[in-house]
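Under the numbering used here, the first residue of the sequence shown is numbered 11, with each subsequent residue one higher.
Every residue, glycine too, gets a C-beta built ideally from N, C-alpha and C.
As the structure is a prediction and not an experimental result, all values here were calculated from the model.
Here's the structure we're looking at; comments come further down.
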Amino acid sequence: MPNGFPAPALELSADEARRVILSAQGFLGAGSRRGGVTAMLRRLAAVQLDTISVLARSHELVAYARLGAVGRAQIERAYWHDPALAFEYWCHAACIVPIGDWPLYSFRRRAYRERRFRWHEVPPTVDKVLDQVRNEGPLTTTELGGAKNGGPWWDWSDVKIAVEFLLDIGEVVCTRRVGWRRVYDVAERVVPTSLLGHDLTDAECVARLTGIAGAALGVATRADLADFVRVRGAHGALLDQALLDGTSGLVPVRVAGWSDGRGGRGPAGRATPSNAWAHPSALETAPRGRHRTTPLSPFDSLVWDRARTERVFGFTHRLEAYVPKDKRVHGYFTMPVLAGGRLIGRVDPAREGSTFVARQVGFEPAAGRAGTAVRAGTAEAMAAALWEAAAWVGCDDVRVERVGAPELAAPLQAALRESPAGLA
């Protein structure tokens, strides 16, 4: 029986599940920081990429949130500068994934090859583009001949369509970005031979990726797992089968207060006493250790699934970067703030010279209704998160422009005046 969990062994309270999730995601306990960015990537299995950069790129924020003030150049080197470490591919979205997982995505590469279409029809010049990358690579799209025809962003040139299709089917690989442009090279020069020739069936791929997703998420519903791996239809059925027959390596658990999303039925519509899944190693001991206090990228795997974030933390979050400015509630790039294992609020950050600017700080309603001591503690945690993030991006001052909870404005300003040691 797992040590530290109540009998029966696979019954978890919502708080116990939340701590398992925080530990699996690298936010609880010092052990999760060992090995730096490389170990973190293996733990998370996928780090989402995004074009938006406010304080830093999202994939850099993911590392900072778990590891603290590791240098941004160091993060980039760990992700990109060793072709045997990672590559970019489609998981939950466009993600950095460990190179060791290359064989596991062959199911997706085969599906793209059979479809021969994703966003655009594949041009007849695709073989010519492959030859160019093979003979002259590594190359960016610009070096290949240009990414666009001159119209809107989706008006890709034939070169761009061809090389992205070659990426989808695994003929070329992106192992780094330069100025946010993908750098492409042929798979045989980038992927170790032992991995390149490792062929797996679709069922084997999905089963192993499901297990990896479960280990990364800590405790997850079927929907959470499918969202991580981004499977549906026939591949979704393979995920269900991997859960039911045990080939995923995950075990069923029941989390109090969680719905399974299927009206009391589990994978493939079968009745089940469980409503979630976990890796057995995550249940061996009750997670312990110090919690990280940090703002989170909205694309961080702790919060990238909005339904899961609400279920686990009771926190409703929406990215408003693509919402018209006059209709935004919380701000352009609102970052949830984690403290004490809970999401205590959010900040919309910006930077003006050496000043970290919080355009808006929001606190969860419970903080505003709490007693004076709790409000002060919440404000202090928010201030600590802001100061540490400011120092990481090279700022020596923090300015808050608006606080969503008026009763917490004064405590927050008081906490901010207490400059952290070494930052004054």
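With residue i and residue j assumed to form a contact (beta carbons below 8 Å), what rounded beta-carbon distance in angstroms separates them?
i, j, result
"A331", "Y342", "5 Å"
"A286", "V265", "5 Å"
"A226", "V263", "Contact flag wrong, Cβ pair sits at about 16 Å."
"T303", "A247", "So it is not a contact: roughly 41 Å between Cβ atoms."
"E417", "R385", "7 Å"
"I109", "V47", "I109 to V47, Cβ: 14 Å. No contact."
"R361", "L65", "7 Å"
"R58", "W314", "The identity of residue 58 in the sequence shown is Gln, whereas the question assumes Arg. So it is a contact: roughly 6 Å between Cβ atoms."
"D2", "R119", "Residue 2 is absent from the model: the chain starts at 11 and stops at 434."
"V408", "F373", "Contact flag wrong, Cβ pair sits at about 16 Å."
"L32", "P297", "7 Å"
"A223", "V239", "5 Å"
"L253", "T220", "7 Å"
First and last residue of the beta strand (DSSP E) that includes residue i?
i, result
"F373", "T365 to F373"
"V265", "V261 to V265"
"R44", "No beta strand (DSSP E) holds R44; DSSP gives it neither H nor E."
Give the straight-line distance between the Cα atoms of residue i and residue j, rounded to the nearest whole angstrom.
i, j, result
"V136", "R187", "22 Å"
"W268", "V229", "11 Å"
"V107", "A75", "18 Å"
"Q423", "V216", "50 Å"
"G347", "A400", "It should be pointed out that residue 347 corresponds to Val in this sequence rather than to Gly. Whole-angstrom Cα-Cα distance: 14 Å."
"C105", "A197", "17 Å"
"G45", "T185", "21 Å"
"R405", "A49", "In the sequence on display, residue 405 carries Cys and not Arg. If you take the alpha carbons of C405 and A49, they lie about 28 Å apart."
"G9", "G78", "Outside the shown range of the chain, which is 11 to 434, sits residue 9, and nothing can be said about it."
"T61", "R67", "7 Å"
"A436", "S258", "Shown here, the chain extends from 11 to 434; a query on residue 436 therefore has no answer."
"G414", "W402", "25 Å"
"A463", "A34", "This structure gives no information on residue 463, because the portion of the chain shown stretches from 11 to 434."
"R318", "E146", "45 Å"
"F37", "A83", "22 Å"
"D358", "T203", "45 Å"
"G324", "S167", "44 Å"
"A393", "S42", "24 Å"
"A55", "T326", "25 Å"
"L260", "R218", "10 Å"
"L306", "W397", "14 Å"
"S284", "L22", "11 Å"
"P148", "V182", "10 Å"
"R53", "A40", "14 Å"
"V30", "L20", "13 Å"
"L206", "P113", "7 Å"
"R352", "D250", "31 Å"
"L176", "Y99", "12 Å"
"A233", "E428", "43 Å"
"E390", "W190", "36 Å"
"R412", "V371", "6 Å"
"Y194", "T150", "6 Å"
"P308", "V169", "32 Å"
Grab the span of the alpha helix (DSSP H) containing residue i for me, first residue to last.
i, result
"A317", "R316 to F323"
"A56", "Looking at the DSSP string, A56 is not in any alpha helix (DSSP H), and its letter there is neither H nor E."
"P108", "Looking at the DSSP string, P108 is not in any alpha helix (DSSP H); the run it does join, the beta strand (DSSP E), is A104 to P108."
"I85", "R82 to W90"
"H301", "Neither: H301 is in no alpha helix (DSSP H) and is coded neither H nor E."
"A34", "A24 to A34"
"P421", "P416 to R427"
"A75", "S68 to L77"
Name the one or two DSSP bridge partners that residue i has.
i, result
"G246", "Per DSSP, none; premise fails for G246."
"G355", "V347 and F373"
"Y99", "C105"
"W474", "Nothing in the structure corresponds to residue 474, since the chain is present only between 11 and 434."
"V408", "F366"
"E131", "F127"
"L329", "Answer by DSSP bridge pairing: none, since L329 is not bridged."
"P305", "V347"
"A360", "V367"
"F63", "Position check: residue 63 holds Ser in this sequence, whereas Phe was assumed. According to DSSP, which records beta bridges pairwise, S63 is partnered with R67."
"L140", "Looking at the DSSP assignment, L140 forms no beta bridge with any residue, so it has no partner."
"V413", "V371"
"L20", "Answer by DSSP bridge pairing: none, since L20 is not bridged."
"L38", "H301"
Any heavy atom of the ligand NAD closer than 7 Å to the beta-carbon of residue i?
i, result
"R298", "Looking for the ligand NAD in the displayed structure turns up nothing, as the structure carries no ligands at all."
Say whether chain D places a C-beta atom closer than 8 Å to the C-beta of residue i.
i, result
"G207", "No chain D appears in this structure, which consists of one protein chain only."
Checklist entry - Which ranges would you report for the alpha helix (DSSP H) in the stretch 146–224 if only whole runs of at least 4 residues count? => result Runs found: 151–154, 168–179, 197–200 and 203–206.
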